[in-house]
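Q: Pasting a structure below so you can have a look.
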Amino acid sequence: MDVRIFDSIEELDKEVARLIIGAVKENPSVVLGLSTGNSPVGVYKNLIADHQQNGTPYGQVTTFNLDEYAGLDGESPQSYRYFMNEQLFDHLDIDKAKTHVPSGIGDLEENCREYEQKIQAAGGISIQLIGIGTNGHIAFNEPGTPFDSLTHVAELSQATIDSNAKYFPSPDDIPLRAVSMGIQSIMNAHTVYMVAFGKSKAKAIKEMIEGPVTTALPASVLQRHPSVYVFLDREAASLL
Ligand code: GLP
């Protein structure tokens with residue numbers, strides 16, 4: 001793992017965005033894996049600013065998001081599709097048909113199979129941007145998820161439900177399940193960029209980097225990936 005520590009979240013966001021912009025310029029039809037949550041928002045802001053200032057083209061770029069809540073369609077403000085449109089896609093010249101977020105409605109098992117096939121058909125993910133949950137989850141792969149899992153219907157842990165409650169009008173509105181790329185789907189990406197900042201992530205980050213590789217801390221599997229970059233602020237890195 002290549003661990004990079006930044007004095008500020010702004011510098012961290014700029015650097016990750018610079019690398020993604022470089023990848024898009026080098027290969028305008030690059031396949032990007034994207035994520036939601038608070039962690040990637042600053043990176044997305046930088047991608048948008050660069051697109052507006054320098055015109056970096058996204059017309060040929062394909063994207064795959066990690067996950068989506070079960071039962072929410074893209075019109076729901078809490079859905080990850082809505083989030084991605086609002087935080088990134090609506091501000092780029094990207095072809096929406098080339099942006100993929102798992103579907104949380106209809107036959108979920110079928111959606112999972114189709115999603116995995118679409119990733120394969122696109123030639124796999126070149127760069128996967130991910131965050132980490134305070135319990136070490138990646139996407140919605142909670143502790144105990146098998147390392148060989150592909151896109152699947154995931155049950156959210158209580159810790160995740162609690163951390164994500166702030167995004168919903170009332171705790172009863174939080175879906176208990178999601179469609180999520182699996183651990184193997186993430187490991188299949190050519191390169192992984194993890195972004196984590198803040199004290200709440202410090203313990204999970206320490207265990208991910210220094211602890212044993214165990215399904216109890218799903219992100220620890222990244223120790224086995226040949227190309228992982230971990231971008232941290234000083235707080236997230238404080239226990240290393
Ligand atoms: C959610 C998402 C993850 C994300 C994590 C951390 O549960 N499914 O993909 O990495 O939360 O979110 P945040 O970046 O808001 O801390």
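Residue 225 in the working numbering is what sits at position 225 of the sequence shown, and the numbering runs on without skipping anything. Idealized CB from N, CA, C, for every residue including glycine.
Decide if the stretch 181-196 is in contact with the stretch 115-127; the criterion is three or more beta carbon pairs, one per stretch, under 8 Å apart.
A: yes
Q: Using only the alpha-carbon positions, how far apart do R18 and Q53 sit?
A: 14 Å
Q: With 16 as the cutoff for other CB atoms within 10 Å, does Y117 come out buried or exposed?
A: The sequence shown places Gln at residue 117, rather than the Tyr named in the question. Exposed, because fewer than 16 other Cβ atoms sit within 10 Å of the Cβ of Q117.
Q: Any contact of the stretch 106-115 with the stretch 156-175, i.e. 3+ C-beta pairs under 8 Å?
A: no
Q: Counting only runs of 3+ residues fully inside the stretch 45-111, write out the beta strand (DSSP E) ranges in chain order.
A: Taken in chain order, the complete beta strand (DSSP E) segments of 3 residues or longer contained in the stretch 45-111 are 62-65, 67-69.
Q: DSSP puts M194 in a beta bridge; with which residues?
A: DSSP lists I130, V230 as partners of M194.
Q: Using a Cβ-Cβ cut-off of 7 Å (strictly less than) and excluding sequence neighbours within five positions of T56, which residues of its own chain qualify?
A: I21, V24, K25, D50
Q: Tell me the DSSP secondary structure of N141 in three-state form.
A: strand
Q: Alpha carbons only, please: which of I183, I205, V43, A178 is nearest the one belonging to V16?
A: V43
Q: Quick check: the stretch 85-103 against the stretch 60-76, are at least 3 beta-carbon pairs closer than 8 Å?
A: yes
Q: Is DSSP giving D2 helix, strand or coil here?
A: Here D2 sits in strand by DSSP.
Q: For the alpha helix (DSSP H) that contains R18, what are its first and last residues?
A: 9-26
Q: Does the beta carbon of N164 fall short of 7 Å from some heavy atom of the ligand GLP?
A: yes
Q: Residue range of the beta strand (DSSP E) that A154 falls in?
A: 152-155
Q: Using the rule of at least 16 other Cβ atoms within 10 Å of the residue's Cβ for burial, across every protein chain shown, is K201 buried or exposed?
A: buried
Q: At a cut-off of 7 Å, is D2 close to the ligand GLP when judged by its beta-carbon and the heavy atoms of the ligand?
A: no
Q: Quick check: does the Cβ of F83 come within less than 7 Å of any heavy atom belonging to the ligand GLP?
A: no
Q: So, helix, strand or coil for P213, using DSSP?
A: Reading the sequence as shown, one finds Val at residue 213 and not Pro. In the structure shown, V213 sits in coil (DSSP, three-state: anything other than H, G, I, E or B).
Q: Out of M84, D73, A219, which one is the CA nearest neighbour of S103?
A: D73
Q: Pull the bridge partners of V31 from the DSSP assignment, please.
A: Beta-bridge pairing links V31 to T62.
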